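In the working numbering, the protein residues as written are 85 to 245.
Just so you know, even glycine gets a beta-carbon here, dropped at the ideal spot from N, CA and C.
These numbers were taken from a predicted model, which means no experiment stands behind them.
Data block below; observations after.
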């Protein structure tokens, strides 16, 4: 990416407050930031507010990721991590209504990173074929849906142990 002069809101938001510029595994760094935000603050939100926040952040991510792609001249540059942030937070929608468990939060993190990196169909298809900010964001939300299914299965299996 060309050196930017001054503040740019698209870069700021799409990199999740510059988390995406972490020098090693920026996608994982974005997911870690979301994990920390979830366990420290967001888990206390009313479920309806939590879902609304996820939807709002997804929409912002589509808009600002599109801008960041234009500024950088790259398709889905690695510094864009708002998609990983929304992806992890979407996974945690799957545990709304359950008492908080750090294990669920950790399992959700591991599962999301697994499906985000593996990109099973249709995640990879979306990643390769949906353009702009929508493509940046949508593949991670679909990976989150895979994660929710497996996480709920794990919760069901371990509920009686």
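Are the Cβ atoms of residue 210 and residue 233 separated by less than 8 Å?
no
Using only the alpha-carbon positions, how far apart do residue 107 and residue 113 sit?
9 Å
For residue 147, which option in 217, 204 and 228 has the closest C-alpha, if you only look at C-alpha atoms?
217
How many angstroms separate the CA atom of residue 151 from the CA atom of residue 243?
44 Å
When the cut-off is 8 Å and only beta carbons count, does residue 146 lie next to chain B?
Among the chains of the structure shown, chain B does not appear; only one protein chain is present.
Of the listed residues 129, 162 and 206, nearest to residue 109 (C-alpha basis)
Comparing Cα positions, the closest option is 162.
Alpha-carbon spacing of residue 54 relative to residue 115, whole angstroms:
No information on residue 54 is available, as it lies outside the stretch 85 to 245 that the chain covers here.
Would you mind stating whether residue 189 and residue 123 have Cβ atoms separated by less than 8 Å?
yes
Kindly list the residues whose CB is nearer than 7 Å to the CB of residue 117, restricted to its own chain and excluding five residues on each side of it in sequence; keep chain order.
100, 103 and 169
Rounded to whole angstroms, how far is the Cβ of residue 139 from the Cβ of residue 231, which I believe are closer than 8 Å?
Their Cβ separation, rounded to whole angstroms, is 18 Å, which puts residue 139 and residue 231 out of contact at 8 Å.
So residue 191 is in the alpha helix (DSSP H); what residue range does that whole segment cover?
186 to 202
Residue 164, DSSP secondary structure in three states
In this structure, residue 164 counts as coil in the three-state DSSP scheme.
Report the rounded CA-to-CA distance for residue 120 versus residue 91, giving the unit in angstroms.
25 Å
Would you decide whether residue 222 is buried or exposed? Buried here means 16 or more other CB atoms lie within 10 Å of its CB.
buried
Since residue 131 and residue 171 are thought to touch, with beta carbons under 8 Å apart, how far apart are those beta carbons, to the nearest angstrom?
Rounded, the Cβ-Cβ distance is 19 Å, inconsistent with contact.
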